[in-house]
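Below is one structure, written out as structure tokens, with a few remarks after it.
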Amino acid sequence: MSTRAETIRILERAVRSDIRAALPQLGVLRTPRFHKILLANVAAVFLPTAACALVVLKLGGLSGAMSPLGVAVAIGAVAAVAVVPVYAVLLRLALKPIQILERTAERVERGELTARATPSKFADPRIEQLTRVFNRMLDSTAADRERLREVAARAFQAHEAERMRIARELNEETAQTLATLLLGVGAVRRMPRPRTS
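The opening position of the sequence shown corresponds to residue 18 in my numbering, with each subsequent residue numbered one higher.
Dropping the structure here:
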């Protein structure tokens with residue numbers, strides 16, 4: 018989104034028909050989840066309130082210093098601004114369990130393998146289930162790592178025992194060979210020497 022003209026062209030295309038193609042270009046889909054939901058809630062308050070105010074003004078034939086549309090927009094804006102703090106707090110509480118899961122996953126990724134997601138008072142049953150499954154998965158992974166560590170230690174011990182056994186056998190073979198050679202040397206020394214004339 019580099020120029021105003023380009024933005025207008027994208028919005029016009031969205032209005033004409035292809036809103037799904039326009040949203041990614043505007044960055045709407047990349048907006049944080051909190052802002053998307055908050056914006057949707059504000060729109061859910063603003064639009065019906067403004068529409069109702071406009072209908073009431075039109076039906077009542079009220080006219081004043083402002084146009085009916087201006088009054089309706091003002092009423093809708095006041096209603097939206099009034100509910101934004103409430104929605105923001107409720108939304109933060111509702112999204113807290115997901116943030117806990119995200120932070121726990123990030124901690125594990127950084128190497129803190131004992132990190133676990135803590136249950137939240139605000140989690141709905143599906144998020145509670147996801148938290149339990151996530152923690153069980155981390156526990157299972159930790160148990161697998163421990164088993165691998167034990168297997169590696171046993172394999173090392175077995176390898177070391179085999180090396181020691183081979184070393185003993187080689188020592189015994191070498192000792193036997195040396196003993197045989199020494200006996201042979203001793204026998205040769207004891208042999209009478211031929212006399213030279």
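For each residue, glycine too, the CB sits at the ideal point set by N, CA and C.
Only a predicted model underlies this, so the values are computations on that prediction, with no experimental measurement involved.
Contact between L147 and L118 holds: their C-beta atoms lie close to 7 Å from each other, under 8 Å. Residue environment analysis places A204 among the exposed positions, since fewer than 16 neighbouring C-beta atoms fall within 10 angstroms of its C-beta. With 16 or more neighbouring CB atoms inside 10 Å of its own CB, A140 falls in the buried class. Closest option to L130, judged by alpha-carbon separation, among A172, A170, M154: M154. Within its own chain, the residues whose Cβ lies closer than 8 Å to the Cβ of V100, once the five positions on either side in sequence are excluded, are N58, V59, V62, listed in chain order.
The three-state reading of DSSP puts L130 in coil, since its state is none of H, G, I, E or B.
Boundaries of the alpha helix (DSSP H) around P142: 142–207. In the three-state scheme derived from DSSP, where H, G and I count as helix and E and B as strand, P211 is classed as coil. With contacts defined as CB atoms closer than 8 Å, F151 and L108 fail to qualify as a contacting pair.
Within its own chain, the residues whose Cβ lies closer than 6 Å to the Cβ of A97, once the five positions on either side in sequence are excluded, are V59, V62, F63, listed in chain order. DSSP, read as helix, strand or coil, puts F63 in helix. Rounded to the nearest angstrom, the Cβ distance from V90 to A67 is 6 Å, consistent with a contact under 8 Å. Of the candidates I115, E186, T191, I115 places its Cα closest to the Cα of R143. Contact between E123 and P136 is ruled out by a C-beta separation of about 18 Å, above the 8 Å threshold.
If the five residues before and after R133 are omitted, its C-beta is found closer than 7 Å to the C-beta atoms of T121, N152, L155, all from its own chain and listed in chain order. By the C-beta density criterion, A178 is exposed, having fewer than 16 other C-beta atoms within 10 angstroms. The beta carbon of I54 sits closer than 7 Å to those of L108, all from its chain and outside the five residues before and after it, given in chain order. Taking the Cα positions, V73 is about 16 Å away from A94. In this structure, DSSP gives P136 a state outside helix and strand, which the three-state scheme calls coil.
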